[in-house]
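Following: one structure in structure tokens, then a few remarks.
Numbering (this note's numbering), first residue to last: 5 to 150.
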């Protein structure tokens with residue numbers, strides 16, 4: 005028996021990311037695939053500050069536990085329906101982890117929303133979608149949030 009086809013639906017728990025969910029569901033139905041909803045916890049960045057005392061930074065384990073709780077709430081609110089959806093929380097650089105997961109899990113398609121930043125916001129905030137589009141070894145359907 006062939007391995008189950010997988011479609012990845014990454015989320016950052018924002019309303020904007022939900023724009024891709026109907027597309028992921030539709031493509032899963034057409035391809036006979038299951039959906040894996042992923043959230044990637046990024047390790048905290050430490051920046052030098054002037055005249056400030058120690059700033060508590062949560063550990064990656066704490067961030068991952070918090071993300072698991074958020075994913076559970078997100079799934080309960082948005083991921084119900086006829087199609088079963090697997091949820092996962094990963095740790096690392098979002099684009100890199102999504103691409104790695106896709107390579108390791110028979111992913112046939114990544115369906116993700118883009119926030120549509122341009123200009124300075126794009127330069128400052130970067131684009132996970134853009135990086136996934138460049139690096140993924142499978143097709144990526146990018147849905148612009150309108």
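Just so it is clear, CB atoms sit at the ideal spot from N, CA and C, and this is done for glycine as well.
- When the beta-carbon positions are compared, residue 149 and residue 40 stay at least 9 Å from each other.
- In summary, residue 61 is exposed, with fewer than 16 beta-carbon neighbours lying within 10 Å of its beta-carbon over all protein chains present.
- Residue 70 carries a helical assignment under DSSP once its states are collapsed to helix, strand and coil.
- Cα atoms of residue 135 and residue 85: separation of roughly 30 Å, rounded to the nearest angstrom.
- Here the alpha carbons of residue 132 and residue 105 stand approximately 15 Å from one another.
- The residues 45, 47, 48 and 95, in chain order, have a CB closer than 8 Å to that of residue 64 in the same chain once the five nearest residues on each side in sequence are set aside.
- Bridge pairing for residue 116: 146 [DSSP].
- Relative to the Cα of residue 38, the nearest Cα in the group 87, 101, 99 and 146 belongs to 87.
- Beyond the five residues adjoining it in sequence on each side, residue 141 comes within less than 8 Å, by CB distance, of 103, 106 and 107 in the same chain, given in chain order.
- Inclusion of residue 116 and residue 146 in the CB contact set at 9 Å is warranted, their separation being smaller than that value.
- Take residue 92, set aside five residues on each side of it, and the residues of its chain with a beta-carbon closer than 7 Å to its own are 40 and 42, in chain order.
- Excluding five sequence positions before and after residue 143, the CB atoms of its chain that fall closer than 8 Å to its own CB belong to 112, 113 and 114, given in chain order.
- Under DSSP, residue 40 forms a beta bridge with 12 and 90.
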